[in-house]
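Engineer: Mapping to this note's numbering: the sequence shown position 7 is 13, numbers consecutive. Even for Gly, the Cβ is constructed at its ideal location relative to N, Cα and C. The structure's right below; bear with me while I get my questions together.
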Amino acid sequence: HYAVHKGKFFYEDLVKMIVASPVVAFVLEGPNAIAVVRAMVGATRPHEAAAGTIRGDYALVGLRNLIHASDAPETAESEIALWFPQGVIEYPRDVDRWMSEDKAPS
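Structural data, given as structure tokens:
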């Protein structure tokens, strides 16, 4: 996933950080999911992240990235394939038909 950074001065420290603790991977979907999640996550550098964002409230050091969020549909697709090689389990939720105009009962 972080192969794009291979050869950069921080790459080895990045790899050490990634394998130093458990990782929880999950997929969120919905209207404008990438933009909404990135807004909740906050700026990459903790000192630039707004209060009320995950990084703004909980991150201390930029290299120890507290959370990752895909930045585009293409990267989301490759990251989902990396973490969920057997695919994402999809299931219908009754609430979805009430939350979407095109699925709302008439």
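Quick one: Cα of N66 to Cα of D19, how far?
Structural biologist: Note that residue 66 is Leu in the sequence shown here, rather than Asn. So the two alpha carbons sit approximately 16 Å from each other.
Engineer: Take the Cβ of P98 as the centre, count every other Cβ of all protein chains shown within 10 Å, and call the residue buried at 16 or more, exposed below.
Structural biologist: P98 comes out exposed.
Engineer: Between I73 and V94, which are expected to be in contact by the criterion C-beta below 8 Å, what is the C-beta distance as a whole number of angstroms?
Structural biologist: 19 Å between Cβ atoms; not a contact.
Engineer: Give me the Cα-Cα distance between W89 and R51, rounded to the nearest whole angstrom.
Structural biologist: Spanning the two alpha carbons is a distance of roughly 24 Å.
Engineer: Where V21 and V10 are concerned, what is the direct C-alpha to C-alpha distance, given to the nearest angstrom?
Structural biologist: So the alpha carbons of these two residues sit roughly 12 Å apart.
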